[in-house]
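*Asks:* The structure that follows is given in the form of structure tokens.
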Amino acid sequence: MDFIKFLFDFIMHIDVHLVELIQKFGFGTYGIMFLIVFIETGIVIFPFLPGDSLLFASGALAAIHGLSLPLVIVVYFLAAVLGDSLNFEIGKRVGTTIRPNSFLGKFISQENMAKAQGFFERHGGKTILIARFMPMIRTFVPFVAGASRMNYRYFLMYNVIGGALWTLVCVLGGYFFGNLPFVRDNFSVVILAIIFVSILPAITGFIKSKFKK
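Heads up: the sequence shown at position 137 corresponds to 1359 in my numbering, and the numbers run straight through without jumps.
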């Protein structure tokens, strides 16, 4: 419970926590930022770590010279691409052998796996690109792609394009809009809105599936 409370507080006040990290670790903050995104995208049992909101907040801090904008973009781009590549490799090696009562099975939601699999089957390679903007789903899609034995070069192409688009949209969005008076004064509400917009495609897909049934 304490971890969940801390995680929720970190996400909702991510700008404050980033400032604290910069004050405490200085240049080392970039390493922490890299690890958060790398783990969120690269290890399938950590889909709950902040992604979009972290990038947006980092962009906002770059606008007030707390962080270097080019370095932020490079760090997150590398973390996103390398993370998805690791996730793909994990899925390729163990994706088809996971059982519900195994160690990984206890952490990996079979429901989320099924959603990612269905999304993957409907949209093919484009899924890797689209899923970048969908929390939870983006962690499972490269895992499913690896388990499905997707050609890695084909996967890598969408991985690089999706990682670049995701990084640029989220970071530059924070850079240009994060310090507007309304956004700055209602940062928690804006973060909630970002999370909502990010999961909206998944919600829409769920509603459509219910109506079809």
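Ideal Cβ positions, reconstructed from N, Cα and C, are used throughout, including at glycine.
Leaving out five residues before and five after histidine 1345 in sequence, what residues of the same chain have Cβ atoms less than 8 angstroms from its Cβ?
*Replies:* Correct list, in chain order: Ile1352.
*Asks:* Work out the CA separation of lysine 1314 and arginine 1371 for me, nearest whole Å.
*Replies:* Distance between the alpha carbons of arginine 1371 and lysine 1314 is about 6 angstroms.
*Asks:* Using the Cα positions of valine 1393 and leucine 1276, report the straight-line distance between them to the nearest angstrom.
*Replies:* Their Cα atoms are separated by approximately 9 angstroms.
*Asks:* What is the DSSP secondary structure of proline 1364, reduced to helix, strand or coil?
*Replies:* The answer is helix: DSSP assigns proline 1364 an H, G or I state.
*Asks:* Let me check understanding here. Comparing Cα to Cα, which of Ile1258, Thr1251, Met1356 and Ala1367 lies closest to leucine 1387?
*Replies:* The residue with the shortest Cα to Cα distance from leucine 1387 is Met1356.
*Asks:* Is it the case that the stretch 1298-1309 contacts the stretch 1243-1262, given that we only count it when at least three CB pairs across the two stretches are under 8 angstroms?
*Replies:* These segments touch.
*Asks:* Please report the distance separating the alpha-carbon of tyrosine 1376 from that of threonine 1389.
*Replies:* Cα-Cα distance, rounded: 20 angstroms.
*Asks:* Which term fits valine 1238, buried or exposed, when burial requires 16 or more other beta carbons within 10 angstroms of its beta carbon?
*Replies:* It is exposed - the Cβ of valine 1238 has fewer than 16 other Cβ atoms within 10 Å.
*Asks:* By the three-class DSSP mapping on this structure, what secondary structure does proline 1357 have?
*Replies:* Reduced to three states, the DSSP call for proline 1357 is coil.
*Asks:* Can the beta-carbon of alanine 1302 be found less than 8 angstroms from the beta-carbon of glycine 1250?
*Replies:* In this structure, glycine 1250 does not lie closer than 8 angstroms to alanine 1302 by Cβ.
*Asks:* Do methionine 1288 and isoleucine 1236 have their C-beta atoms closer together than 8 angstroms?
*Replies:* Checking the displayed sequence, the identity of residue 1288 turns out to be glycine instead of methionine. The answer is no: Cβ separation not under 8 angstroms.
*Asks:* At what residue ranges does the stretch 1262-1307 contain a whole run of the beta strand (DSSP E), taking only runs of 3 or more?
*Replies:* Entirely contained in the stretch 1262-1307, not one beta strand (DSSP E) run reaches 3 residues.
*Asks:* Skipping 5 residues on each side, what residues in its chain have a beta carbon closer than 8 angstroms to that of arginine 1354?
*Replies:* For arginine 1354, where only same-chain residues beyond five positions count, the Cβ hits under 8 angstroms are Ala1302, Arg1360, Gly1384, Gly1385, Leu1387 and Trp1388.
*Asks:* Quick one: Cα of glycine 1395 to Cα of leucine 1304, how far?
*Replies:* Cα to Cα, glycine 1395 sits roughly 23 angstroms from leucine 1304.
*Asks:* Ordered along the chain, which non-local residues of its own chain (more than five positions away) have a Cβ less than 8 angstroms from that of asparagine 1309?
*Replies:* Thr1263, Gly1264, Ile1265, Val1266, Thr1361, Pro1364, Phe1365 and Gly1368.
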